[in-house]
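In case it helps, mature numbering (1 follows the signal peptide of the UniProt record, and there is no 0) puts the sequence shown at residues -20 to -1, 1 to 559.
Notes to accompany the following structure.
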Amino acid sequence: MSSNFLCALLILAFLESGKSNSGVSISHSRDGDGQAITCVLSGDENMTQINWEMLRGPNRTKVGTYHPHFGIYIMKEYETKVKMEGKKSPHPSSSLLIKVASNESVLICCAFITFPSGKLEQCTDISKKDVSVNKSIMKDFTYVEPEPRLGLFGNLGAMIIGTILSLFILTILFYLCRKNSCRRKKSFKIRTYLTDSPAETFAEESDDAPASQSSANGFDPSKLYAKIKKDLFYGRLWKSYQGQPKPWTQVTMASHCVGESDGLTFCLARPEDYDDVMAISQDIYGGNDYLPHRYHSWMTEPGRVVIIARRDRKLVALESGLLVDGGETVIVEGLRVCPNERGCGLAGVIQRFVDGYIKRVYPNVKIKRLTRGDDPGPEKLSKFTLLARRAVLSLLGDSEGFDGFVSGLKEKLVGSDESNSSSRLVPVKDLEALKTLLLDSDLSSRLQLPGGAIIQDWQPLKLMESNLHILARRNLTWFVDGSSEKPLFMSFHTPPYPIPFNGGSLRFNIDLYGTDTSLAKKALTAHLNIVKSEIQGLVLVHIYMHQTLWEDLKQFCEGHETVKQFRDYWEQLFLEREP
């Protein structure tokens, strides 16, 4: 009682009410055939960037981004439908002109990424014609000094009255709790019934239970069952029959949670957990983190399991698994731990839980596979089977010089022996032709595939028909050696996608398979040439290849001022073990 009184007194004594003057105002109006939307940030905030997003029903897609230093980036699918402007003063703002059907219900949202308030977002329904909307969303903070309303004695009086009222309320609550507790104790009355129905009969063994006896009236203890009166606090308690296997312990706090371990609650991730996941993803992969872009697609991807861990309702860790190879293999990826928990063994806790969960839900899983970009040392590697190492060449450039860089590579090809080579690359666009290529039993040995698999954007996949459906979802662009029916080289690239690096950049991954240097240079140039028009702002290019190709491709890419080598030689490790 004394502790509750002290807490109430402290809260009333030191609580100050006030609101931040930070907010986002949004307005829209018709502009010819389109809709003009303007967002303005007010208050004392430092703006990092402005994200524009479109909501159609349950679908949320990113339209573009305005960055005060790197400028404007519009997603490729909206380049012909959207115009965007932005300015930093007197107040950070951005305007969007978009063309949509007049009868289409669409929400446009602008999200200001700021400091110290974080994400300030506002949306407007642009299906409403010829209207002007001005809404504000305000964040509550205690650091803004409220307007003075009462004098010293007025505040003191309010504190005294509030303290008395709080004490009175706490006393009533304490009395009601005690009274209700006593009632609950009296509500447990055991009544015995005789029944001939076997469905309601159970026998419960106990070490200290007396031996069965038959009474004078022929009472049979085997037909005894107990009914416990319904209690509003505990609910109905039933036991259906003796010997029923106990279900695996479930966490009752929410239906999507799947277990507890080491003080953590583990749940299946949901779309609404996105902001919490991003909050623990600081400095993941040096800014090369793919999860901000892929999280929402993970929520609906077939065969995907995403587990989050919470401590005291705060999200502290995440790991995901993808079922491949016909359900016999799980690829684990996305592991991350909140910054203040790193190095404390939390990663091992969530890994063990995810392994156990997948074995329970998918008992056919026999192999656990993963890729990583660092060498953990012999002690940790001894727990895995190292299937392969691939060399990685990383380049950093910007959109202004990217076209010139690609033109320079083309000129190098023309002036070298590679252009006169009989080897040529051809695109593969027909799915049946791709299926025939990948299911060729000799392909793995001819191309020296790592561990007998292809690794698409860090996901190792065996060459089997069930995995072709996964590759088909990735929207890959393929090239293959066209000099013979048994190709000696193959490559593909994943479409560029945004990453947090340097405040917002693009990541572009190219995978090369085979050891022919001439074909590797041609493939690299071809893939870069295809996406050069999509590059806006900074871009990180990662090229994965056989180790023998790295030095030649490094020299091939040198000599350009705006696209340079980003990292020294590093490797991608392909590991597996039993789950």
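Glycine included, every Cβ here is placed at the ideal spot set by N, Cα and C.
Are the beta-carbon atoms belonging to residue i and residue j less than 9 Å from one another?
{"i": "D383", "j": "K512", "result": "yes"}
{"i": "V310", "j": "K348", "result": "yes"}
{"i": "N489", "j": "V386", "result": "no"}
{"i": "V304", "j": "K415", "result": "no"}
{"i": "T505", "j": "K390", "result": "yes"}
{"i": "L248", "j": "E281", "result": "no"}
{"i": "I330", "j": "L295", "result": "no"}
{"i": "I30", "j": "P70", "result": "no"}
{"i": "F95", "j": "E33", "result": "no"}
{"i": "G3", "j": "L76", "result": "no"}
{"i": "P440", "j": "T365", "result": "no"}
{"i": "V543", "j": "G381", "result": "yes"}
{"i": "Y46", "j": "S7", "result": "no"}
{"i": "L244", "j": "R291", "result": "yes"}
{"i": "S403", "j": "D461", "result": "yes"}
{"i": "L298", "j": "R322", "result": "no"}
Would you mind working out which of the options sits nearest residue i, comparing C-alpha positions?
{"i": "R369", "options": "D242, F554 and R340", "result": "F554"}
{"i": "F469", "options": "K63, L77, L492 and Q552", "result": "L492"}
{"i": "G483", "options": "T474, E65, T60 and G266", "result": "G266"}
{"i": "V345", "options": "T28, V406 and D335", "result": "D335"}
{"i": "S284", "options": "V341, P272 and S464", "result": "One point to set straight first is that residue 284 is Arg, not Ser, in the sequence displayed. Closest option to R284, Cα to Cα, is V341."}
{"i": "F459", "options": "A91, I140 and L417", "result": "L417"}
{"i": "Y477", "options": "I54, G307, G432 and Y46", "result": "I54"}
{"i": "Q527", "options": "A16, L456, D354 and L373", "result": "L373"}
{"i": "S107", "options": "A91, S97 and L87", "result": "L87"}
{"i": "N497", "options": "R291, L405, L456 and I144", "result": "It is worth fixing the name first, because residue 497 is Thr in this sequence and not Asn. T497 has its Cα closest to that of L405, out of R291, L405, L456 and I144."}
{"i": "H236", "options": "V286, D255, A138 and M258", "result": "V286"}
{"i": "F481", "options": "L376, L21, Q436 and S471", "result": "L376"}
{"i": "E538", "options": "G357, I338 and G388", "result": "G388"}
{"i": "Y275", "options": "N268, Q102, D292 and P251", "result": "P251"}
{"i": "S22", "options": "F92, L244 and P407", "result": "F92"}
{"i": "G307", "options": "P343, Y270 and Q552", "result": "P343"}
{"i": "H522", "options": "D548, P319, K502 and L499", "result": "D548"}
{"i": "S241", "options": "F148, Y337 and E84", "result": "Y337"}
{"i": "Q102", "options": "T60, F148, K67 and V20", "result": "V20"}
{"i": "N320", "options": "S463, D263, D269 and P272", "result": "D263"}
If I follow the unbroken beta strand (DSSP E) through residue i, where does it start and stop?
{"i": "Y46", "result": "N39 to H47"}
{"i": "L298", "result": "K294 to V304"}
{"i": "G384", "result": "Where G384 is concerned, there is no enclosing beta strand (DSSP E), although the alpha helix (DSSP H) it sits in stretches over S379 to V394."}
{"i": "T457", "result": "T457 to D461"}
{"i": "I435", "result": "A433 to Q436"}
{"i": "T497", "result": "No beta strand (DSSP E) contains T497, which is instead part of the alpha helix (DSSP H) from T497 to V511."}
{"i": "A452", "result": "Premise fails: A452 lies in the alpha helix (DSSP H), E445 to A452, not in any beta strand (DSSP E)."}
{"i": "A91", "result": "L87 to F95"}
{"i": "K99", "result": "G98 to D105"}
{"i": "E33", "result": "N26 to R36"}
{"i": "C237", "result": "C237 to S241"}
{"i": "P319", "result": "Segment: none, P319 is in no beta strand (DSSP E) and carries neither H nor E."}
{"i": "I54", "result": "G51 to I54"}
{"i": "P407", "result": "L405 to V408"}
For residue i, list the residues DSSP reports as bridge partners.
{"i": "C19", "result": "I6 and S74"}
{"i": "V543", "result": "DSSP output for V543 lists no bridge partner at all."}
{"i": "D491", "result": "F472 and Y524"}
{"i": "P440", "result": "I435"}
{"i": "Q63", "result": "Note on identity: in this sequence residue 63 is Lys, with Gln being the wrong assignment. Partner(s): L77."}
{"i": "T280", "result": "None, per the DSSP bridge assignment."}
{"i": "R274", "result": "DSSP output for R274 lists no bridge partner at all."}
{"i": "S485", "result": "I479"}
{"i": "R557", "result": "K348"}
{"i": "residue 602", "result": "In this structure the chain extends from -20 to 559, so residue 602 is not present and cannot be described."}
{"i": "N265", "result": "The sequence given here has Tyr at residue 265, not Asn. According to DSSP, Y265 bridges with nothing at all."}
{"i": "Q552", "result": "R370"}
{"i": "Y155", "result": "Per DSSP, none; premise fails for Y155."}
{"i": "V257", "result": "Partner(s): none; V257 has no beta bridge."}
{"i": "F246", "result": "G239 and A289"}
{"i": "G14", "result": "D11"}
{"i": "L375", "result": "V521 and Q545"}
Where does the unbroken alpha helix (DSSP H) through residue i begin, and where does it stop?
{"i": "F536", "result": "W530 to C537"}
{"i": "R250", "result": "First-last for R250: undefined, no H or E at that position."}
{"i": "residue 562", "result": "This structure cannot speak to residue 562, because the chain is shown only from -20 to 559."}
{"i": "L414", "result": "L411 to L418"}
Using a Cβ-Cβ distance under 9 Å, would residue i count as near chain C?
{"i": "L451", "result": "This model lacks chain C altogether; it includes just one protein chain."}
Practice item. Could you pull out every unbroken beta strand (DSSP E) segment of at least 3 residues lying fully inside the stretch 327 to 364, listed in chain order? Key: 347 to 352
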